[in-house]
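One structure is given here, and the rest of the page talks about it.
There are 2 protein chains.
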Amino acid sequence: MTLRIHGDSTSGNCLKVRWTADYLKLSYDWIETSVAARQTREAVFLKLHPAGQVPLLILDDGRPLAQSNAIIAYLAEGSSLIPADAFERARMFEWMFWEQNSHEPYVAVARRLVRIDGVAISALDPILVERGRGALSRLDAGLGGRDFLVGSALSLADICLIAYTRVAGEGGLDLAPFPALRGWIARVEAAAGIGAA
Amino acid sequence: MTLRIHGDSTSGNCLKVRWTADYLKLSYDWIETSVAARQTREAVFLKLHPAGQVPLLILDDGRPLAQSNAIIAYLAEGSSLIPADAFERARMFEWMFWEQNSHEPYVAVARRLVRIDGVAISALDPILVERGRGALSRLDAGLGGRDFLVGSALSLADICLIAYTRVAGEGGLDLAPFPALRGWIARVEAAAGIGAA
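See the structure below:
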């Protein structure tokens, strides 16, 4: 099976897919696709998937699959990254849906504005910053003293949520007030084999 | 098993859970919980789940599960609402994650601003309106002439995406330009046993 992954290496959503594939020792071709250079809006890319978003997985038979969290759930099916217990699996998806509606829109967006669009941290919308801090605080509390977000082992919830949390500081969202989060980031990086940011 | 569902009947995210539970003929207690009246921010509710959001499912043993799409995936496990084929299941999750990051933040928010907060449709942020229309257009194209979003039968993707699409007009997002979408709404309402909006 030769998988193709179209991704932008500066995007946490894309890195989730790379990390998951590497953890599972899957063989794949990575096709670097720049969002900033608008390569995802080019006709040749839109023909692959009309949403025009990375990451995009292409199966060996050509079928495309978008949405980072759907891709990692597909790749990891049957592996230890998805809890066997039904309720723990549901909790994993709870964190992954929460990431898309309550974490990524603030934590990832603040970082993109600063790092890609060149906005000064002091010029960020205070509401965006407040919501980003709120998401980090909620995640910090959600760990509740445990090593990983769900059960007692690494799962897709950790890989999903570490992607933008570990680089939150690049968007002015300081992790210093959250020691439990910083410990979790180091633990997940080690368990998942993720290199330095 | 006695399930409890805390939900606000004006919220599409909450109605997804009610529709799924009813379709599956599950027995449950519905605890009406008003977002507008800030009941989700009261201490008694925050003790159930620190995210302070509805819908919230409480299992018979007291364990809580938040996030509408995680809840319906949990409730529907093993049923016909989740495709047996791995790729179709992945597609279903693709649509559900897309709903949370690219549809709900515009289509549901426009409706909430108009219906709950009393904002005039003409006063809505043009960017919000444009993104809402873009999401409807993308969904319309995504149907690609098929009866349902994934495979050839009703799935959680349909129940998830119909929730705010069927009432998009309440937020000024007219469905008239999207005949395929309107046909799909009628078909999903009939298949899922959903009453008039």
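If you read the sequences in order, they're chains P and E. Each residue of the first sequence is one higher than the one before, starting from 4 at the first, in this note's numbering. Each residue of the second sequence is one higher than the one before, starting from 4 at the first, in this note's numbering. C-beta atoms are modelled at their ideal positions from N, C-alpha and C, and glycine is treated no differently.
Between which two residues does the beta strand (DSSP E) carrying residue i extend?
i      : result
E:G145 : No beta strand (DSSP E) contains E:G145, which is instead part of the alpha helix (DSSP H) from 129-146.
P:E35  : 31-35
P:R7   : 6-10
E:P67  : 67-69
Do you know how far the Cα of residue j is from the Cα of residue i?
i      : j      : result
P:W187 : E:A40  : 36 Å
P:F90  : P:A46  : 42 Å
P:A183 : P:A24  : 27 Å
P:N258 : P:S105 : Missing from the structure shown is residue 258 of chain P; chain P here goes from 4 to 200 and no further.
P:A87  : P:G154 : 11 Å
P:S83  : E:L78  : 22 Å
P:L152 : P:A171 : 18 Å
P:Q70  : P:F100 : 11 Å
E:E192 : P:D120 : 43 Å
P:R185 : P:D150 : 11 Å
E:R115 : E:V38  : 11 Å
P:Q42  : E:G15  : 35 Å
Would you say residue i reaches chain P, if we count a Cβ-Cβ gap shorter than 7 Å as a contact?
i      : result
E:P53  : yes
E:Q42  : no
E:N16  : no
E:W101 : yes
E:E133 : no
E:F96  : yes
E:A138 : no
Who are the neighbours of residue i on chain P, taking C-beta pairs under 9 Å?
i      : result
E:R141 : P53, A54
E:E35  : Under the 9 Å cutoff, chain P gives no residues; its nearest Cβ is about 22 Å from E:E35.
E:F90  : L62, R66, L68, Y77
For residue i, would you say it is in contact with chain E, using Cβ-to-Cβ distances shorter than 7 Å as the test?
i      : result
P:A68  : Per the sequence shown, residue 68 of chain P should be read as Leu rather than Ala. Yes - at least one Cβ of chain E is within 7 Å of the one on P:L68.
P:A76  : yes
P:F181 : no
P:A156 : no
P:A39  : no
Would you mind giving the Cβ-Cβ distance between residue i and residue j, rounded to the nearest angstrom? I have them listed as a contact below 8 Å.
i      : j      : result
P:P58  : P:V20  : 4 Å
E:A138 : E:V110 : 6 Å
P:C163 : P:I85  : The pair is not a contact, with the Cβ atoms about 12 Å apart (cut-off 8 Å).
Along chain E, in chain order, which residues have C-beta atoms closer than 8 Å to that of residue i?
i      : result
P:P108 : N104, P108
P:A160 : Per Cβ cutoff of 8 Å: no residues; P:A160 is ~11 Å from chain E at best.
In terms of residue numbering, what span does the alpha helix (DSSP H) encompassing residue i cover?
i      : result
E:I61  : Unbroken run through E:I61 is the beta strand (DSSP E), 59-61; no alpha helix (DSSP H).
P:D93  : Note that residue 93 of chain P is Ala in the sequence shown, not Asp. Its alpha helix (DSSP H) spans residues 89-101.
P:V191 : 182-195
E:A123 : Per DSSP, E:A123 belongs to no alpha helix (DSSP H) and is neither H nor E.
P:K28  : Note, P:K28: premise wrong, no alpha helix (DSSP H); not H, not E.
P:F151 : Neither: P:F151 is in no alpha helix (DSSP H) and is coded neither H nor E.
E:A160 : 159-168
Applying a beta-carbon distance threshold of less than 7 Å, which residues of chain P neighbour residue i?
i      : result
E:A144 : P53
E:A171 : Simply none; closest approach about 18 Å.
For a contact meaning CB atoms closer than 9 Å, what does residue i contact in chain E?
i     : result
P:E45 : Near P:E45 there are no residues of chain E at all, since even the closest Cβ is about 17 Å away, more than 9 Å.
For residue i, return the contacting residues in chain E, with the cut-off set at a CB-CB distance below 7 Å.
i     : result
P:E80 : A89
P:A73 : A93, F96, E97, F100
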